[in-house]
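Protein sequences, first through last, are from chains A and B.
According to the numbering used here, the stretch in the first sequence is residues 1200 to 1491, in order.
According to the numbering used here, the stretch in the second sequence is residues 1261 to 1699, in order.
Below you'll find the structure, written out as structure tokens, and then a few comments.
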Amino acid sequence: MLIYSIIILGSLGLLYGLGLAFASKKFHVHVDPKIEQINEALPSANCSACAFPGCSAYAEAIVVKGVDINLCAPGGDDAIQQIAGIMGLEATSANKKVAVIHCQSGGKDNTFYRYDYQGIQSCKAAIALSDGPNLCKYGCVYQYDCVRSCKFDAMSVDDNGMIHVDKEKCTGCGACVVACPRDLIELVSDKKRVHILCTSHDKGAESRKSCGNKTACIACTLCVKKCPKDAIYMDNNLAIIDYDKCVNCGICADVCPTSAIFDPLKEVRAQRKAAAAKKKAEAAKKLEAQKE
Amino acid sequence: MSLKSFHGGIHPPDFKQYSKDASIEVMSPPAKVVIPLSQHIGAPAKPIVKIGDEVLVGQKIAEAGGFVSISMHASISGKITKIGKFNHPAGMMSNAIEITGDGEDKWIELVDEKDYTQLSVDEIKKRIADAGVCGMGGAGFPTHVKLSPPAEKPIDTVILNGVECEPYLTADYRVMLENSAEILAGLKIFMKTVSAKNGVIGIEANKPDAIKIFKQLVKNEANISVVNLKLKYPQGAEKQLIYAATKRKVPNKGGLPMDVKVVVQNVGTAIAVYEAVRYKKPLVERVITVSGKIVKSPKNLKARVGTFYSELLEKCDGTTAEIGKVISGGPMMGFAVSSLEIPMAKTSSGVLLFDEKEAHNDAESVCLRCGRCVDVCPLDLVPSLIVHNVRYEDWETAEKYGTMDCMKCGSCVYVCPSHIKLIQWIDIGKMKINELRRK
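Structure below.
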């Protein structure tokens, strides 16, 4: 009896095997090996920053449709160079963009509130309730939709509740930009250093009153007047930097009376200035001493 | 015999003892009112006055912004002092007109048409629209629109909603006790306008005296009946009331009462319509409950539209403890507001004040899949599933599970052992789905 079952199962196996072998030859679909290679070069984050549904879709689009090869933000220059090698194209460097949060209201405890929000942890829900718990109708409500949306662990919350973006980890995928219901986050080239960290369109007196950190843009237009490159313009009581024209000189940050404009080098510059002034004063003293 | 009701629902303590025996007190016109331009469902009204204009009580200051909209009238006599953004009873900022009173309370000329029952249906509808009447139960649907169903949908029953199932609120109850004749007259106007054969007055079982009064009143009316409804929340929701009173089920997915030949109106609206038709009196005042454990003397006040909550509270001698939360409307479906400088609207049925302890909200924890929300949902939805899909942003599935059908009665939140704020999640879902539909 055993021999029959072996023969029957064996022949069935052989038959199906032949069928499959035939089908694989007959219905073979040619896949460009480049797609596979590019897919491997991409970071497999499937973040959709390239506007395709995922990494493999983008890889296919590059090979089949000839889409630009510098759309992958998380991959950065490495990925572009590899893809360029595979496709035999010249690598065009992508301008790396990072997320900038245009609000520095000073953290959860420092912000002025109109009421105590006790609902679900969601910025959208908080804002739906009487325009949000903050006194400022433009600022961050600290429910951290953006932090949860980040797939690259680039956003962190400090003890004060403030959100910080790690420029190294940020890939510029833009997920946080979509998540923020108050449109506080913008993708800016990582070479830009000077940012206006306020989005309040309120009149000066009002925004000064409602900002917990006292760093609101009060629409004094000093920065617009002092900018040597005409890179700052006013939009309904708010100064906005045109990043295409900005050259990182930081003069606006120096003149801003409320420190709404942030430049990491502002203090360094101030120290240098102070040191120079001190030197000058000393030199003058010396000169006077010599005269005497 | 068991009382009529619906499937699902909850039994919250009703807390009506605070204000239920306080008869309606008329508040003298305030020194200043703010009249929001959007107190109703539909397009906001358009202002027709300028800053500096002198107005009389009842003078039209904003006209309807479309068919589904209502006009607004000055509720005190005086000068228009500002047209701009003001606090709205629903929490947000919205456009409104501010009137500073002259203290004289001069009215426009009213008529007294004793044979108002002889008026034509078109004239009745015109007078209702001119008076700016909207549903006074809470949602604020323009009354003249509700009374103009399309010809292919005949109406055979008008239901008057005297249920007032929200805890604390007693405004409708007091109105039913003190103005029952006007309510009945209003019901007859409704029945005539939509040519309905039957009238039903639905009252919850916790208001036996109101039931008694109306039973007495309709003794000689063959086609009007009073229905004693089971004490259950949300008995006063439109679809639940229709089912309890007529056993007709309004379909989900956007079904309307007129699909089952019914029109539902609030008892407060009935009085407003009666006054609009007989006296041509615009809707400029209403009864509002000011209540809560910490209110010194809870009251039912007849106040002018646009009166600030702070003035209403002053009339009730303030509070005994620090205020932790203010709710505009009922505790189940009302809106928490962040200040007392908020004007009351035509739809404001109550202002409730709670202390810190009562206002306490427990933190959300994980869903236990116990299914209590499913048991109590009066619309037979699965709230936990909707919330799950909203949380993970699967809008399509959330819509499929009936996000848009939810009327936000809050029964599910009331019973949830994990303190999940289901209605807030569903609200996000509604906002997002509306946004996607508009695209």
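From the three backbone atoms N, C-alpha and C, an ideal C-beta is built for every residue, glycine too.
Here the structure is a predicted model, which means the values were calculated and not measured.
Just so you know, the alpha carbons of R1508 of chain B and N1238 of chain A end up roughly 59 Å apart. Not a single C-beta of chain A is nearer than 8 Å to the C-beta of E1498 of chain B. In its chain, beyond the 5 residues on either side, P1349, A1350, G1351, I1587, S1588, G1589 have a beta carbon closer than 8 Å to the beta carbon of F1595 of chain B. Interface residue (Cβ-Cβ distance to chain B less than 8 Å): I1326 of chain A is not classified as such. Taking 8 Å as the CB threshold, R1313 of chain A lines the interface with chain B. Look at F1474 of chain B here: in three-state DSSP terms it is helix. P1402 of chain B and G1302 of chain B have their C-alpha atoms spaced approximately 8 Å apart.
In the DSSP annotation of this structure, Y1278 of chain B is not part of any alpha helix (DSSP H), being labelled neither H nor E. Flagged as an interface residue toward chain B: S1329 of chain A, by a C-beta distance shorter than 8 Å. The residues S1551, P1558, in chain order, have a CB closer than 6 Å to that of Y1278 of chain B in the same chain once the five nearest residues on each side in sequence are set aside.
The DSSP-derived three-state label of S1485 of chain B is strand. Taking P1456 of chain A as the centre and dropping the five residues before and after it, the same chain places the C-beta of I1417, C1419, L1421 closer than 8 Å to its C-beta, in chain order.
The criterion of a C-beta distance shorter than 8 Å is satisfied by C1445 of chain A and A1430 of chain A. For the pair V1510 of chain B and P1517 of chain B, the CB atoms are nearer than the 8 Å cut-off. When DSSP assignments are scanned along the segment 1299-1380 of chain B, the uninterrupted stretches of beta strand (DSSP E) that are 3 or more residues long and fall wholly within it turn out to be 1320-1323, 1338-1347, 1353-1361. Annotation for R1698 of chain B: the continuous alpha helix (DSSP H) segment containing it runs 1682-1698. When the five nearest sequence neighbours on each side are left out, the beta carbons in the same chain lying within less than 7 Å of the beta carbon of D1274 of chain B are those of P1427, N1466, in order along the chain. For M1354 of chain A, there is no enclosing alpha helix (DSSP H); the enclosing beta strand (DSSP E) has its first and last residue at 1354-1356.
With contacts defined as CB atoms closer than 8 Å, M1604 of chain B and C1669 of chain B fail to qualify as a contacting pair. Every unbroken stretch of the beta strand (DSSP E) spanning 3 or more residues and falling wholly within the segment 1518-1592 of chain B is given here in chain order: 1522-1526, 1545-1551, 1559-1564, 1585-1588. Chain B has no Cβ within less than 8 Å of the Cβ of Q1342 of chain A.
Residues Q1299, H1300, I1301, C1394, K1606, T1607 of the same chain have their beta carbon placed closer than 7 Å to that of G1400 of chain B, with the five preceding and five following residues left out of the count. Following the DSSP letters along the chain, one finds E1624 of chain B in no beta strand (DSSP E), marked with neither H nor E. With a cutoff of 8 Å on beta-carbon distance, L1645 of chain B and V1611 of chain B are scored as not near each other. Contact between A1305 of chain B and S1331 of chain B holds, since their C-beta atoms are separated by about 6 Å, short of 8 Å. When DSSP assignments are scanned along the segment 1388-1427 of chain B, the uninterrupted stretches of alpha helix (DSSP H) that are 4 or more residues long and fall wholly within it turn out to be 1403-1406. Counting only the Cα atoms, A1291 of chain B lies some 36 Å from A1415 of chain A.
For D1344 of chain A, the closest alpha carbon among the candidates A:L1334, A:S1329, A:G1373 is that of A:G1373. Each of A:P1332, A:L1486, A:C1375 was checked against the Cα of G1411 of chain A, and the nearest Cα belongs to A:P1332. Per DSSP, reduced to three states, the secondary structure at M1436 of chain B is helical. Under the three-state reduction of DSSP output, K1513 of chain B falls in the coil class, being neither helix nor strand.
Under the criterion of beta carbons closer than 8 Å, I1357 of chain B and I1343 of chain B qualify as touching, at roughly 5 Å.
Around the beta carbon of M1436 of chain B, 16 or more other beta carbons sit within 10 angstroms, so the residue counts as buried. Around the beta-carbon of R1564 of chain B, 16 or more other beta-carbon atoms lie within 10 Å, marking it buried. Contact annotation for Q1317 of chain A against chain B: N1621 [CB-CB distance below 7 Å, chain order].
At a cut-off of 8 Å, the C-beta of K1323 of chain A has a neighbouring C-beta in chain B.
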